[in-house]
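Contents: one structure, followed by commentary.
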Amino acid sequence: MKNDLLFDFTVDKATKTVFITREFDAALSLVWDAFTTQEILDQWTAPSPWLSKTKYMNFEVGGKRFYAMVGPEGQERWSIQEYTSITPKTNFKMYNAFSDKDENPELPGSDWDYNFSEQNGKTKVSITIYNESFARLEKMIEMGFKEGFTMTLNNLEKLLGTLLQN
Numbered sequence: 042m043k044n045d046l047l048f049d050f051t052v053d054k055a056t057k058t059v060f061i062t063r064e065f066d067a068a069l070s071l072v073w074d075a076f077t078t079q080e081i082l083d084q085w086t087a088p089s090p091w092l093s094k095t096k097y098m099n100f101e102v103g104g105k106r107f108y109a110m111v112g113p114e115g116q117e118r119w120s121i122q123e124y125t126s127i128t129p130k131t132n133f134k135m136y137n138a139f140s141d142k143d144e145n146p147e148l149p150g151s152d153w154d155y156n157f158s159e160q161n162g163k164t165k166v167s168i169t170i171y172n173e174s175f176a177r178l179e180k181m182i183e184m185g186f187k188e189g190f191t192m193t194l195n196n197l198e199k200l201l202g203t204l205l206q207n
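Residue numbers for the sequence shown follow our numbering, so the first one is 42 and each next one is one higher.
What follows is the structure in structure tokens.
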């Protein structure tokens, strides 16, 4: 893995939007699978020492992923994601909300828009996260979203390196 890969994380409080762009030294199909396959998602989407545990995932328009971030003491922080649009290998959109263990969402939530492109063997993922409320954006920032999400993307980079060696 190379250290010259693009990474940008910008918060625009005026529009309640977070913009994330990250390059990976891997083919688009592998990166796409890492974002859309339950077994791979659970290997990288929690910042250490937390783990990701998906209860179920149905990656199709109208489908959902219901999962928890599980802490070292066994604490669980549940979220539900509903896929609203999928264009294979290039884009998917979802609505994300924190929830309780019984799938009752804590509103407001946020709209996530993922775009994937490949050039010269590197895959760029651009993520736009629009929050329904400024309060939710502030809560994300206070919870350490930037630091946690950066850790998860670094987890993915390491995982992709391992998968490419196999």
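Even glycine gets a Cβ: it sits at the ideal position worked out from N, Cα and C.
Predicted, not measured: the structure shown is a model, and the values here were computed from it.
- As for any beta strand (DSSP E) of minimum length 3 sitting wholly inside the segment 92-143, the runs are 92-98, 105-111, 117-128, 132-140, ordered along the chain.
- One thing to note: residue 110 has its Cβ within 8 Å of the Cβ of residue 93.
- Here the alpha carbons of residue 124 and residue 134 stand approximately 6 Å from one another.
- Rounded to whole angstroms, the separation of the alpha carbons of residue 80 and residue 74 is 10 Å.
- Distance from the CA of residue 197 to the CA of residue 86, rounded to the nearest whole angstrom, comes to 8 Å.
- At the C-beta level, residue 140 and residue 168 stay beyond 8 Å of one another.
- In the DSSP assignment, residue 195 falls within the alpha helix (DSSP H) that extends over 186-206.
- For residue 77, the uninterrupted alpha helix (DSSP H) segment begins and ends at 69-77.
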